[in-house]
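Okay, so the sequence shown: first residue is -9 according to the working numbering, each after it adds one. Even for Gly, the Cβ is constructed at its ideal location relative to N, Cα and C. First up is the structure itself, then whatever we jot down about it.
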Amino acid sequence: MNRVDVLNEDMTTALFKLAWPAVLSMLFQTLYNIVDAFWLGKLGKLEISAPTIAWPVIFLVLSIGGGITVASLALVAQYTGKGEHELSKRAAGQTLSVVFSFAIVVGILGGVFSGEILQLMKIPAEMIPYTKRYMSTIFFGTPFAFGIFAVNSIFIGWGDAITPMRITAISVLLNAVLDPLMIFGIGFPPLGVFGAALSTVISRGAVLIYALYLLFSGKKGFSIGIKYLIPSGKMIRKILKIGLPSSLGNSVTSFAFLIVTAIIARYGAVATAAVGVGNRVTSLATMFSFGLAQATSTMVGQYLGADEKAKAYRVVWKSSGWSMLIVGVVCTLTFFFGREVTMIFINEPDVLVEGTRYFKIVSLSIPFFATFNIFDAALRGAGHTVLSMIVNISRLWVIRIPLIYFFGASMGITGIWYAMLISNLAIATIAALMIISKVWLRKVV
């Protein structure tokens, strides 16, 4: 069995047993975008810019459903901590029903209206055809992505991080094989950016079938039956009570990223390509913190379910310390070797200059952003998604976007990099104070 016995295991041991598969899962997930960027970069800056522009829009929708999976993780974890396994299964089943219903609707709407969305963003005309093909394809595959996220969150809340890692790894490997074949048309006509998106959708669809088989068969120790999918008003209300604030926070945050991306796009393809490379490498650097954050969320949920508040508080600081240390080492490398890192993806001189500048400025704040991830995960694992919503909205709408307009007006694209630096430092401080207050230790389940 892959499950970690959080309540009886040594805290540090349990943290890393849950974190290392989560870190690998984040690495594999990050490789989705890196593989796309690597191959699309061979075609040019317009092609590599397509995913950069499309993903904030896609993530805006994914984040709404993602809030429901946050509720699933919190509920499954806390019911498991209480020993109420029947309720854990019911929470899991109801989550799947809600998530799939939502995904089908928004996937169709997003796919059909991708062109109109890009026009509202005022994306430069030369970028729209490439981005539209990529975005609409990913949107139509939304149910596959949501399904995988939901199944993974269920296993993670139960204490099994290895199964989600394997699910994600298989999906990424399939995508890595299909990407160059479909982009360059090896054996059939080249599909370009459409091929990159299609390979992602196909790989996710295939893996979702496997993930659902594992969940319903009980081969990993946790299982649900069809009866748990039948709507239950009481459980759905509980899921929505926890999930909707998270969905709102995620969606408002994603909309903020959409605005930031649109602002950057106005500076042209060079700036967009530079931030695209920067974001992908930054996400690779912070995968350690996201892995530890996922482990922290599970442990906080189970500790609070078992009424072990002192342990829940302690694991947050233990995890944040490790996160700061590990991500700090990685970001030291990106600070000194930003040009070389940018060159891996694209070798156009103007993009190299801007990419190097991005890493020199933004790298300084990423270790602090990593600790923020831990603090936010603790709030979500505790079920206090309203607090999580507040800090996430504050990070971008209260701090970053005003700073982008302020610094961007006088410093251009470099001012945006400084706005990112300051907002990361500020929100890490605010979230730390919230954790210190211990208000999040109150039970909500």
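With H, G and I counted as helix, E and B as strand and the rest as coil, what does DSSP make of residue i?
i           : result
residue 434 : coil
residue 178 : coil
residue 114 : coil
residue 210 : coil
residue 285 : helix
residue 406 : helix
residue 374 : coil
residue 298 : coil
residue 330 : helix
residue 311 : helix
residue 257 : coil
residue 215 : coil
residue -4  : coil
residue 276 : coil
residue 228 : helix
residue 122 : helix
residue 151 : coil
residue 32  : coil
residue 380 : helix
residue 412 : helix
residue 7   : helix
residue 336 : coil
Is it the case that the Cβ atoms of residue i and residue j are separated by a distance below 9 Å?
i           : j           : result
residue 352 : residue 415 : no
residue 63  : residue 144 : yes
residue 290 : residue 306 : yes
residue 134 : residue 101 : no
residue 58  : residue 88  : yes
residue 50  : residue 222 : no
residue 187 : residue 132 : no
residue 324 : residue 275 : yes
residue 11  : residue 117 : no
residue -6  : residue 151 : yes
residue 402 : residue 409 : no
residue 436 : residue 192 : Look at the range of the chain in this structure, -9 to 435, and you will see that residue 436 is not part of it.
residue 146 : residue 279 : no
residue 251 : residue 271 : no
residue 495 : residue 5   : Residue 495 is absent from the model: the chain starts at -9 and stops at 435.
residue 287 : residue 368 : yes
residue 341 : residue 35  : yes
residue 390 : residue 246 : yes
residue 230 : residue 196 : no
residue 226 : residue 434 : no
residue 237 : residue 53  : yes
residue 41  : residue 248 : no
residue 384 : residue 417 : yes
residue 436 : residue 125 : Because the chain in this structure spans residues -9 to 435, residue 436 falls outside the shown range and cannot be described.
residue 142 : residue 121 : no
residue 153 : residue 22  : no
residue 27  : residue 327 : no
In terms of residues, what are the limits of the alpha helix (DSSP H) holding residue i?
i           : result
residue 220 : Element bounds for residue 220: n/a, residue is neither H nor E.
residue 45  : 35 to 72
residue 145 : 132 to 148
residue 340 : 339 to 352
residue 83  : 75 to 102
residue 393 : 391 to 401
Keeping to the same chain, check which residues put their C-beta closer than 6 Å to that of residue i; ignore five residues upstream and five downstream.
i           : result
residue 318 : 357
residue 299 : 431
residue 235 : 375, 376 and 379
residue 9   : 281, 282 and 285
residue 320 : 275
residue 382 : 239 and 243
residue 355 : 411, 414 and 415
residue 119 : none
residue 123 : 183 and 184
residue 212 : 148
For residue i, I'd like the list of residues in its chain whose CB is within less than 7 Å of its CB, leaving aside the five on either flank, ordered along the chain.
i           : result
residue 277 : 13, 16, 17 and 20
residue 86  : 140 and 219
residue 96  : 51 and 132
residue 114 : 255
residue 82  : 62, 66, 144, 214 and 218
residue 428 : 303
residue 180 : 173 and 174
Could you check whether the Cβ of residue i sits closer than 8 Å to any heavy atom belonging to the ligand SAH?
i           : result
residue 334 : In terms of ligand content, the structure shown is empty, and the ligand SAH therefore cannot be addressed.
For residue i, which residues in the same chain have their Cβ closer than 8 Å to its Cβ, ignoring the five residues on either side in sequence?
i           : result
residue 292 : -4, -3, 67, 68, 70, 71 and 149
residue 93  : 55, 132, 133, 135, 136 and 137
residue 103 : none
residue 29  : 169, 170, 173, 174 and 186
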